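Asks: If you want the UniProt record's numbering, it's the position in the sequence shown, counting the first as 1, plus 242.
Quick reminder that beta carbons are idealized off the backbone N, C-alpha and C, glycines included.
Everything numeric in this text was worked out from a predicted model, so none of it was measured.
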Amino acid sequence: EALEKGGYEHFMLKEIHEQPRSIANCMRGRIHAEEARINLGGISEYANKFLQAQRIIIVSCGTSWHAGLVGEYLIEEYARIPVEVEYASEFRYRNPIIGKDDIVIAISQSGETADTMAAVELAKKAGATIFGICNVVGSSIPRLSHAGMYTHAGPEIGVASTKAFTAQVTALSLLALYIAKHKGSLPSSRIATLLAELQKTPDLITSCLKSEPLVQLIASEIKDSTNCLFLGRGINFPVALEGALKLKEISYIHAEGYPAAEMKHGPIALIDEQMPVVVIATKDSSYEKIISNIQEVKARKGKIIAIVTEGDTVIRDIADYIIEIPFCEEALTPILATIPLQLLSYHIAVMRGCNVDQPRNLAKSVTVE
Ligand code: G6P
Numbered sequence: 243e244a245l246e247k248g249g250y251e252h253f254m255l256k257e258i259h260e261q262p263r264s265i266a267n268c269m270r271g272r273i274h275a276e277e278a279r280i281n282l283g284g285i286s287e288y289a290n291k292f293l294q295a296q297r298i299i300i301v302s303c304g305t306s307w308h309a310g311l312v313g314e315y316l317i318e319e320y321a322r323i324p325v326e327v328e329y330a331s332e333f334r335y336r337n338p339i340i341g342k343d344d345i346v347i348a349i350s351q352s353g354e355t356a357d358t359m360a361a362v363e364l365a366k367k368a369g370a371t372i373f374g375i376c377n378v379v380g381s382s383i384p385r386l387s388h389a390g391m392y393t394h395a396g397p398e399i400g401v402a403s404t405k406a407f408t409a410q411v412t413a414l415s416l417l418a419l420y421i422a423k424h425k426g427s428l429p430s431s432r433i434a435t436l437l438a439e440l441q442k443t444p445d446l447i448t449s450c451l452k453s454e455p456l457v458q459l460i461a462s463e464i465k466d467s468t469n470c471l472f473l474g475r476g477i478n479f480p481v482a483l484e485g486a487l488k489l490k491e492i493s494y495i496h497a498e499g500y501p502a503a504e505m506k507h508g509p510i511a512l513i514d515e516q517m518p519v520v521v522i523a524t525k526d527s528s529y530e531k532i533i534s535n536i537q538e539v540k541a542r543k544g545k546i547i548a549i550v551t552e553g554d555t556v557i558r559d560i561a562d563y564i565i566e567i568p569f570c571e572e573a574l575t576p577i578l579a580t581i582p583l584q585l586l587s588y589h590i591a592v593m594r595g596c597n598v599d600q601p602r603n604l605a606k607s608v609t610v611e
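So, in structure tokens, the structure goes:
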């Protein structure tokens with residue numbers, strides 16, 4: 243087993259560090275940036291369904307559901323098709339309205355999650371086209387799907403999903419750009435730029451991973467907290483949810499992810515000097531707004547840990563800690579901003595003496611209801 247961990251103390255840490263490679267593998271052979279072309283063999287005869295689709299429904303669970311939420315932003319922004327993101331467990335039991343022109347995207351690392359499979363079976367019976375985004379080759383969901391793409395992140399052993407998530411978001415970025423290209427909803431020059439930026443993400447992740455010593459220091463400061471709040475806006479709101487889920491899964495600290503603007507409708511009541519608040523505050527279209535949210539936390543003495551764009555000097559002066567990530571296209575920030583959050587949960591859990599790879603009560607793949 244020590245050999246399988248490749249010198250890392252835990253599978254989770256190994257998998258976090260593998261992300262430059264797993265993202266590169268997810269993109270391999272699929273991108274021709276100069277021609278603004280995306281090659282997705284698994285869509286083939288169903289490509290027209292995407293171009294005609296009036297609606298896309300994404301079904302998934304856990305971390306894969308968070309990837310689906312990022313996918314909603316990406317597909318709506320680039321492909322201009324309305325997207326709904328559903329917990330598979332809710333979708334399957336609520337007599338959902340599904341039409342023959344709907345596309346149901348099932349996202350699953352394992353391809354075996356019982357609720358996601360049941361949602362797929364239901365949608366398939368109703369005549370929808372099923373598109374699977376899975377990591378485990380030959381698993382049940384890809385076999386049930388009409389079309390799909392593998393994330394090629396490699397085997398994920400740690401129960402808390404890390405590299406599978408960033409690969410899912412990468413796959414969704416490719417899919418959104420593929421539809422945009424064929425629909426003509428985005429100029430080719432813009433698609434070419436985005437693809438070229440996407441190809442840089444493995445290197446950018448490598449530079450995100452360099453924040454690990456700083457993240458360890460922050461982890462040691464907040465490891466004894468009983469609660470933690472994660473805030474983000476726009477495409478980084480799902481990253482806040484994922485950051486909170488990672489922390490609660492492996493460190494057993496109660497954590498909540500919130501869209502930053504919703505804080506005033508509840509969680510703000512919880513903020514005091516005992517409450518670490520992790521904010522994704524990169525330089526994007528929500529930047530000014532998120533600064534006001536940070537100030538609201540500061541006024542209530544919350545401990546602010548901000549994920550910022552390299553070189554940010556404004557938030558440096560307000561936050562207790564900043565973790566820098568490289569500048570990138572807004573659409574790609576979720577992939578980068580997730581990395582320090584994974585490291586933060588990991589190091590907090592290790593410092594608390596938790597079993598990081600096998601957290602209590604959790605399973606890697608939930609194949610029963
Ligand atoms: C379990 C795992 C999570 C995962 C979720 C969905 O809860 O512990 O890490 O996100 O199932 O799994 P899937 O294989 O469908 O992505």
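Would you say the beta carbon of G305 is closer than 7 angstroms to some non-hydrogen atom of the ligand G6P?
Replies: Per the sequence shown, residue 305 should be read as Thr rather than Gly. For the ligand G6P, at least one heavy atom lies less than 7 angstroms from the Cβ of T305.
Asks: So is the beta-carbon of S403 under 7 angstroms away from any non-hydrogen atom of the ligand G6P?
Replies: Under cutoff, so the answer is yes.
Asks: When DSSP builds the beta bridges, which residues end up paired with T371?
Replies: Partner(s): I345.
Asks: List the DSSP bridge partners of A548.
Replies: Note: A548 sits in a beta bridge opposite V521 and I564.
Asks: What residue range is occupied by the uninterrupted alpha helix (DSSP H) comprising A422?
Replies: Here the alpha helix (DSSP H) through A422 covers K405 to K425.
Asks: Where does E498 fall in DSSP's three states?
Replies: E498 falls in the strand class under three-state DSSP.
Asks: L436 by DSSP, collapsed to three states: which one?
Replies: If DSSP states are grouped into helix, strand and coil, L436 belongs with the helices.
Asks: The ligand G6P heavy atoms versus the CB of K606: any closer than 7 angstroms?
Replies: Yes; taking the cut-off as 7 angstroms, the Cβ of K606 has a heavy atom of the ligand G6P nearer than that.
Asks: Just list the residues that DSSP pairs C326 with in beta bridges.
Replies: At residue 326 the sequence reads Glu, which differs from the Cys that was named. Paired residue(s): I299.
Asks: Give me the Cα-Cα distance between I495 and S430, rounded to the nearest whole angstrom.
Replies: If you take the alpha carbons of I495 and S430, they lie about 46 angstroms apart.
Asks: Distance check for D559 and V610, CA to CA, integer angstroms please.
Replies: Near 49 angstroms, if we compare the C-alpha coordinates of D559 and V610.
Asks: Could you tell me the distance, in whole angstroms, from the CA atom of E314 to the CA atom of I513?
Replies: Looking at the two C-alpha atoms, the distance is approximately 30 angstroms.
Asks: Between S467 and A591, how many whole angstroms is the CB-CB distance? I'm expecting something under 8 angstroms.
Replies: S467 to A591, Cβ: 13 angstroms. No contact.
Asks: Verify whether the separation of the beta carbon atoms of A309 and Q458 is less than 8 angstroms.
Replies: Cβ distance not < 8 angstroms, so A309 and Q458 don't count as in contact.
Asks: Leaving aside the five residues before and after K525 along the sequence, list all residues of the same chain whose C-beta is less than 6 angstroms from its C-beta, in chain order.
Replies: Cβ within range, chain order: T551.
Asks: Quick check: V401 and I383, are their CB atoms within less than 8 angstroms of each other?
Replies: No. Outside cutoff.
Asks: Would you be able to state if there are at least three C-beta pairs under 8 angstroms between the stretch 513-523 and the stretch 337-349?
Replies: Segments in contact, no.
Asks: Please name the residue, chosen from I258, T371, P324 and G304, that lies closest to T580 on a Cα-to-Cα basis.
Replies: Residue I258 is the option with its Cα nearest to T580.
Asks: Please classify R270 as buried or exposed, where buried requires at least 16 other C-beta atoms within 10 Å of its C-beta.
Replies: R270 comes out exposed.
Asks: Can you tell me whether DSSP reads N290 as helix, strand or coil?
Replies: Three-state result, N290: helix.
Asks: Examine the ligand G6P and report whether any of its heavy atoms sits within less than 7 angstroms of the Cβ of residue 613.
Replies: For residue 613 there is no data in the structure shown, the boundaries of the chain being 243 and 611.
Asks: In angstroms with no decimal places, state the Cα-to-Cα distance between I317 and P455.
Replies: Near 35 angstroms, if we compare the C-alpha coordinates of P455 and I317.
Asks: Return the CA-CA distance between M593 and L471, expressed in angstroms with no decimal places.
Replies: About 19 angstroms.
Asks: Given a threshold of 16 other Cβ atoms within 10 Å of its Cβ, counted over all protein chains shown, does N377 qualify as buried or as exposed?
Replies: Flag for N377 reads buried.
Asks: Does the count of Cβ pairs from the stretch 536-551 and the stretch 417-437 closer than 8 angstroms reach three?
Replies: Cβ pair count under 8 angstroms is below three, so no.
Asks: Please confirm if the stretch 384-404 is in contact with the stretch 596-607, defined as three or more CB-CB distances below 8 angstroms between the two stretches.
Replies: Contact between the stretch 384-404 and the stretch 596-607 is present, because at least three Cβ pairs lie under 8 angstroms.
Asks: Output needed for G283: all residues of its chain with C-beta closer than 6 angstroms, excluding positions within five of it in sequence on either side, in chain order.
Replies: No residues qualify anywhere along the chain.
Asks: Is the Cβ-Cβ distance between L437 and I273 less than 8 angstroms?
Replies: Yes; because the gap between Cβ atoms is below 8 angstroms, this pair is in contact.
Asks: Strictly by DSSP, which residues pair up with S350?
Replies: Answer is C376.
Asks: Cβ-heavy atom distance between Q351 and the ligand G6P below 7 angstroms?
Replies: Yes, the Cβ of Q351 comes within 7 angstroms of a heavy atom of the ligand G6P.
Asks: Any heavy atom of the ligand G6P closer than 7 angstroms to the Cβ of S302?
Replies: Result yes, Cβ under 7 angstroms from the ligand G6P.
Asks: Which residues does DSSP list as the beta-bridge partners of E470?
Replies: Sequence inspection shows Cys at residue 470; the Glu mentioned does not correspond to that position. Partner(s): A497.
Asks: Would you tell me roughly how many angstroms separate the C-alpha atoms of N290 and R475, rounded to the nearest one?
Replies: Distance between the alpha carbons of N290 and R475: 33 angstroms.
Asks: Nearest to V301 by alpha carbon, out of C268, A275, A434 and M359?
Replies: Comparing Cα-Cα distances from V301 to each of C268, A275, A434 and M359, the minimum goes to M359.
Asks: Closest to V608 by C-alpha separation, out of A330, E498, L245 and K545, would be which residue?
Replies: Answer by Cα proximity: A330.
Asks: Can you tell me which of the three DSSP states G313 falls into?
Replies: Correct three-state label for G313: helix.
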